[in-house]
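In my numbering, the protein residues as written are 297 to 614.
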């Protein structure tokens, strides 16, 4: 017979549900078996070796004593290596300090603590030297480091340089004005309402020719309004099938959280009108950055010419 029933929550991302599942997984004995197998592999991989001249009995005896006599220098193992990894040694002083600082549970023995310490230091060493034992990780780490370096170089030599060069930006704009023209565009007010009621109230007020600034100010924070000139294809809440006319107020688009958005069209402009420098600045910065980058790369190629061994290169592609 069924003794209990625990329903699966509707939201699989529910924090309480995830915590409960995580707790059950961590308490399962099978996870401990996996951890033990992994630890054995790590110990072998990192070249774990115990000092054969120091037995575990001494390590455990001194671990008990250090709780009373905390002067580490008084123990004969203090400066001796008790175990080591490929490129790192653990001394008796390290072990005794760990024991001294560790808040031991009532049922934790020194033997349990020693195993825990070995596991802790082994996994710590493995993590810090992972690139030596995992080729994929080493490759990813190298990619990450080189990516960071490239980002810093680009930031200094291209991106910041372009943004800060106001004279260069204006000159570039004046030399390429024909690139910076509007497609068909409109001045619009973009309304974002906290709920459908706020949207409906705002639309009703707009239809009575109320000032949009006044509507926003008197909304008690339930309405946010942005204004600007946008190309028709960039205007949110507008379908390509919606015929735009000046004064149009679109039907609110309701989101899943019950917020609502709509626009009011103020003015409509034909295509091919010249963008001012202010209107085109974002586009100009992007193009100017590309221009600076191309010049910089050309200089690097002249300074550091690259020669490719075609025979070797073609063999890599096979």
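Even for Gly, the Cβ is constructed at its ideal location relative to N, Cα and C.
Spanning the alpha carbons of residue 581 and residue 559 requires a straight line of approximately 29 Å.
Contact annotation: residue 384 and residue 345 have beta-carbon atoms that are not nearer than 8 Å.
For residue 378, the enclosing beta strand (DSSP E) covers residues 377–381.
Following the DSSP letters along the chain, one finds residue 599 inside the alpha helix (DSSP H) bounded by residues 573–599.
Here the stretch 446–457 does not lie against the stretch 396–413, with fewer than 3 beta-carbon pairs under 8 Å apart. In the DSSP assignment, residue 387 falls within the beta strand (DSSP E) that extends over 384–387. DSSP places residue 433 in no beta strand (DSSP E) but in the uninterrupted alpha helix (DSSP H) bounded by 431–450.
If you check the CB distance, residue 527 and residue 480 come in under 8 Å.
Here DSSP, grouped into helix, strand and coil, assigns residue 554 to coil.
Three or more beta-carbon pairs separated by less than 8 Å link the stretch 563–572 to the stretch 473–491, which places the two stretches in contact. In the three-state scheme derived from DSSP, where H, G and I count as helix and E and B as strand, residue 464 is classed as helix. Within the DSSP secondary-structure output, residue 358 pairs in no beta bridge.
Residue nearest to residue 458 within the set 587, 572, 373 is 587 (criterion: CA-CA distance). Residue 468 and residue 573 do not touch by the CB rule: their CB atoms are close to 10 Å apart, not below 8 Å. Around the beta carbon of residue 388, a 10 Å sphere encloses 16 or more other beta carbons of the protein chains shown; the residue is thus reported as buried.
Looking at the backbone, the Cα of residue 332 and that of residue 392 are separated by about 24 Å.
The beta-carbon separation of residue 485 and residue 508, rounded to 5 Å, stays under the 8 Å limit for a contact.
Following the DSSP letters along the chain, one finds residue 411 inside the alpha helix (DSSP H) bounded by residues 406–424.
Judged by DSSP secondary structure, residue 497 falls within the alpha helix (DSSP H) whose first and last residues are 492–503. Bridge partners of residue 364 according to DSSP: none are assigned. If you draw a 10 Å sphere on the C-beta of residue 422, you find 16 or more other C-beta atoms in it, and that means buried.
Straight-line spacing of the CA atoms in residue 490 and residue 510 works out to 17 Å. Measuring C-alpha to C-alpha distances from residue 516 to each of 417, 442, 495 identifies 495 as the nearest.
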